[in-house]
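Peer 1: Residue numbers (my numbering): 4 to 166.
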């Protein structure tokens, strides 16, 4: 986002042209790397992209018995990785089962890794941690601390330790 609060087109970690909240710029789109859109436009594009992606993901996940949070975690992953990745998901053991699914796609950078861990926590622990795209350093540190605490909860003291 620039100083005017506009979203600026950029190349993502895989060098795909992107704008707004992760919209992949396609041939025929009126945007390009360096062009700007308002936040209202970015939200409108995001809503359309989300609806399309989640509809496709639902087709792949329709036979699975998922909780609401598990479905939301898989939706989030499908937005980032593409709904076709949901074809790799399975519930009953194996490389792509349950929470292991997210760990298979950790990505190429700390941002993607945090997102996968967050999706994993939502899927497996019903714990939602928000990582704001525009976080300030102290907010990132707080999010990392919350994630670390969620991944490594303090052990309960034994009766002997309590005395």
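All C-beta atoms, glycine included, are put in the ideal place defined by N, C-alpha and C.
Give the straight-line distance between the Cα atoms of residue 15 and residue 26, rounded to the nearest whole angstrom.
Peer 2: Your numbering for residue 15 matches position 12 in the chain shown. Your numbering for residue 26 matches position 23 in the chain shown. Rounded to whole angstroms, residue 15 to residue 26 spans 10 Å at the Cα level.
Peer 1: Taking all protein chains shown into account, do 16 or more other C-beta atoms lie within 10 angstroms of the C-beta of residue 62, making it buried, or fewer, making it exposed?
Peer 2: Taking the first residue of the chain shown as position 1, residue 62 is located at position 59. It counts as exposed.
Peer 1: Between residue 130 and residue 119, is the Cβ-Cβ spacing less than 8 Å?
Peer 2: Here residue 130 refers to the residue found at position 127 of the chain shown. Here residue 119 refers to the residue found at position 116 of the chain shown. Against a cut-off of 8 Å, the Cβ pair of residue 119 and residue 130 comes out as no contact.
Peer 1: Buried or exposed, going by whether 16 or more other CB atoms sit within 10 Å of the CB of residue 113?
Peer 2: Stepping through the chain shown from its first residue, residue 113 is reached at position 110. Burial call: exposed.
Peer 1: Name the DSSP beta bridge partners of residue 13, please?
Peer 2: Taking the first residue of the chain shown as position 1, residue 13 is located at position 10. Answer is 21.
Peer 1: Classify residue 70: buried if its beta carbon has 16 or more other beta carbons within 10 angstroms, exposed otherwise.
Peer 2: Numbered from its first residue, the chain shown carries residue 70 at position 67. Answer is exposed; the Cβ neighbour count stays below 16.
Peer 1: Whole angstroms are fine: how far does the CA of residue 159 sit from the CA of residue 84?
Peer 2: The count along the chain shown starts at 1 and reaches residue 84 at position 81. The count along the chain shown starts at 1 and reaches residue 159 at position 156. Cα-Cα distance, rounded: 37 Å.
Peer 1: If you drop the 5 nearest sequence neighbours on each side, which residues of the same chain put their C-beta closer than 7 Å to that of residue 60?
Peer 2: As a first step, residue 60 is located in the chain shown; it is residue number 57 there, counting from the start. Excluding sequence neighbours, residue 60 sits near 77, 78, 81, 86 and 89.
Peer 1: Measuring only the C-alpha atoms, how far is residue 74 from residue 68?
Peer 2: One-based indexing of the chain shown puts residue 74 at position 71. One-based indexing of the chain shown puts residue 68 at position 65. C-alpha separation (whole angstroms): 9 Å.
Peer 1: By a C-beta neighbour count over all protein chains shown, 10 Å radius and 16 as the cutoff for buried, is residue 5 buried or exposed?
Peer 2: As a working note, residue 5 is residue 2 in the chain shown. Exposed, since its Cβ has fewer than 16 Cβ neighbours within 10 Å.
Peer 1: If you compare alpha carbons, which of 92, 72 and 49 is closest to residue 127?
Peer 2: Here residue 127 refers to the residue found at position 124 of the chain shown. Answer by Cα proximity: 72.
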